[in-house]
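Here is the structure we will look at.
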Amino acid sequence: MQHRISFLFLFLSFAYTGMVSAQEGNYTIDKDAPFEFYVSGSSTLHDWKATVGTVTDYPATLKVGKDAVEGFAFKADVASMDGGRGSAMNNKIYKALKSETHPQITFEQKTAAAIKALPGGQFKLTSTGILSIGGVEKTVSVEVMGTKKDGKLVFQGSKPLKLSEFEIEPPSAMFGQIQTHDDVTVHFTFNYLAQ
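Sequence positions in the sequence shown follow mature numbering (1 follows the signal peptide of the UniProt record, and there is no 0) and run -22 to -1, 1 to 173.
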């Protein structure tokens, strides 16, 4: 009986190690795979969603080690955002985010994020870094869920924010009768390829 328990413990130890170490390597964003990056919120009239059309990794390499991830970063072009309600509303978004002087929303991880292995090739981590919106930089922590499959990685997560934290005046319409609320959430799903 003792041998069975020892063997089972050894097997589980190797299985757990495999779940983590299988992620190891360098990855870059898969430019041919679909991605999702959008900002959602609400207003005095309705909920809204602004989808980003262009995202690149910044810097280019995501480094996944046995126990931690380094280099998680992205750069989203503000001028590619579409709120789905026409050019007039899009222009209000660009103006609020100061796209002429600060054309990208960027995030750059500053410290290695410890990996917590989960069943089914999944893992999660908390990435802490610098988020820049409209020229204002803040240190934020983002919860990320990772999935490893067929040599690829998928990173998915979201982060609640307040526009006022980044000195952004919420866009309005109808001479101020429709007002965007301060609370928004950034959502993302990125696909990575092993180098």
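Don't be surprised by glycine CBs; every beta carbon is placed ideally from N, CA and C.
Sequence-distant residues of its chain with Cβ nearer than 7 Å to Gly135 (five each side left out): Excluding sequence neighbours, Gly135 sits near Val120, Glu121, Val122, Met123 and Phe166.
N- and C-terminal bounds of the beta strand (DSSP E) containing Ser65: That residue, Ser65, is in no beta strand (DSSP E); its alpha helix (DSSP H) goes Ser65 to Ala74.
Rank Leu171, Pro148, Lys140 and Gln173 by C-alpha distance to the C-alpha of Val164 and give the top, closest one. Closest in C-alpha terms to Val164, from the list Leu171, Pro148, Lys140 and Gln173, comes Lys140.
Is any heavy atom of the ligand GDP found at a distance shorter than 7 Å from the C-beta of Phe144? As far as ligands go, the structure on display features none, and thus does not contain the ligand GDP.
I'd like to know whether the C-beta atoms of Ser110 and Ile83 end up nearer to each other than 8 Å. Result yes, Cβ atoms of Ser110 and Ile83 sit closer than 8 Å.
Look up Gly3 in the DSSP assignment and give the residues it is bridged to. Val42.
Phe15 (DSSP reduced to helix, strand or coil): Strand, per DSSP.
Compare the C-beta of Gly62 with all C-beta atoms of chain D and state if any pair is closer than 8 Å. Included in the structure is just one protein chain, with no chain D present.
Leaving out the 5 sequence neighbours to the left and right, which residues in its chain are closer than 6 Å to Val17 when beta-carbon positions are compared? So the list reads Ala28, Val162 and Val164, once near-sequence residues are dropped.
Where Ser142 falls: helix, strand or coil (DSSP): Under the three-state reduction of DSSP output, Ser142 falls in the helix class.
In whole angstroms, give me the CA-to-CA distance for Lys76 and Arg63. Their backbone Cα atoms lie some 19 Å apart in a straight line.
Can you tell me which of Gln100, Asp10 and Gly19 puts its alpha carbon nearest to the alpha carbon of Lys137? Considering only alpha carbons, the answer is Gly19.
Please check the pair Lys9 and Tyr36, which I expect to be a contact at CB under 8 Å, by giving their CB distance rounded to whole angstroms. Incorrect: roughly 14 Å between the Cβ atoms, too far for contact.
Which ranges does the alpha helix (DSSP H) cover as unbroken runs of at least 4 residues, wholly within the stretch 102 to 143, from first to last along the chain? Runs found: none.
Alpha-carbon spacing of Met(-4) relative to Glu115, whole angstroms: Reliability fails at Met(-4), whose pLDDT of 42 lies under 50, so the model's placement of it is uncertain and the value that follows must be treated cautiously. Using only the alpha carbons, I get a separation of about 35 Å.
Where does Ser57 fall in DSSP's three states? The sequence shown places Ala at residue 57, rather than the Ser named in the question. Note: Ala57 maps to helix in three-state DSSP.
Report the CB separation of Gly107 from Lys88 in whole angstroms; it is logged as a contact under 8 Å. Going by Cβ atoms, the distance from Gly107 to Lys88 rounds to 5 Å, so yes, they are a contact pair.
Spatially closest choice to Phe50 from Glu143, Phe144, Lys127 and Thr34, by CA coordinates: Thr34 is the residue among Glu143, Phe144, Lys127 and Thr34 whose C-alpha sits nearest the C-alpha of Phe50.
When we look at the beta-carbon of Ala91 and count the other beta-carbons within 10 Å, is it buried (16 or more) or exposed? It is buried - the Cβ of Ala91 has at least 16 other Cβ atoms within 10 Å.
Where Asn169 falls, given that 16 or more other Cβ within 10 Å makes a residue buried: Burial call: buried.
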